[in-house]
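Undergrad: Before we start, here is the structure in question, set down as C-alpha cells.
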Amino acid sequence: MTALGNLSRAIRQPRVFAAVALVVLISGFAWTYYAGPSPRAWYPPCPLRATTGLLCPGCGSARVVHDLVHGNLRAACGHNILVVVVAPFLAIWTARSLWRALRRNLPPLPVRTGLARVVLVVVVVFMIARNLPWWPFALLAPGP
437 MTALGNLSRA IRQPRVFAAV ALVVLISGFA WTYYAGPSPR AWYPPCPLRA TTGLLCPGCG
497 SARVVHDLVH GNLRAACGHN ILVVVVAPFL AIWTARSLWR ALRRNLPPLP VRTGLARVVL
557 VVVVVFMIAR NLPWWPFALL APGP
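In terms of our numbering, the sequence shown has 461 at position 25, counting the first letter as 1, and numbering is strictly consecutive.
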C-alpha cells in the first residue's frame, strides 16, 4: 500500500480527521491573527468579483475572520454581516462534531436537509441584496 493510500485510510477515521481538522483550524486562526492588519495582502481576490464585479456571499469573509480574532466586532460587521451572524452557529456545530469524533470516534453531526435549504435561500437572498446599489442594501457591501 502506498503512503497516500495509508493517509487516505487514516483520514477516514473520525478521530484522525478531527485531529487534523483541529490542527488546521488552529493554524488558520493563528495565521490570520498574525498576518497583519490587511488580509488582502495574502488572501486571493474573489473570482466572481474579479470576473463580474458582483459580490459573492463570502466577499469580505477573510477580513471578518481577521477582525473577529482581533476582537473587532464592529469592523467585522462592516465587511460581511452574514458571516458574523453565522459564525457562532458554525463554531458550535464544528466544536460538537470535533468533540464527537475525538471522544467517541463518531462521524460529524449530520446537517438536516431542511436546514440546508433554508441556509441556501438565505445565502442567495443575501447575495442578491448586497449587490443592489440602493440604501439600505448598499450597507451590506464590504467596507474598505
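A virtual CB, placed ideally from N, CA and C, is assigned to each residue, including glycine.
1) Helix, strand or coil for Arg540? Go by DSSP, reduced to three states.
2) Among the candidates Gly489, Phe453 and Ser463, whose CA atom is the shortest distance from the CA of Pro590?
3) In this structure, how does DSSP classify Val547 when only helix, strand and coil are distinguished?
4) Restricting to runs no shorter than 4 residues, where is the alpha helix (DSSP H) found entirely within the region 450-532?
5) Just to confirm, is the Cβ distance from Ala565 to Leu576 under 8 Å?
6) How many angstroms separate the CA atom of Ser497 from the CA atom of Ala537?
7) Return the residue from the list Asn567, Pro450, Arg532 and Leu504 that minimises the CA-CA distance to Val521.
TA: Straight from the coordinates:
1) helix
2) Shown here, the chain extends from 437 to 580; a query on residue 590 therefore has no answer.
3) coil
4) 450-470, 483-488, 497-505 and 509-515
5) yes
6) 27 Å
7) Leu504
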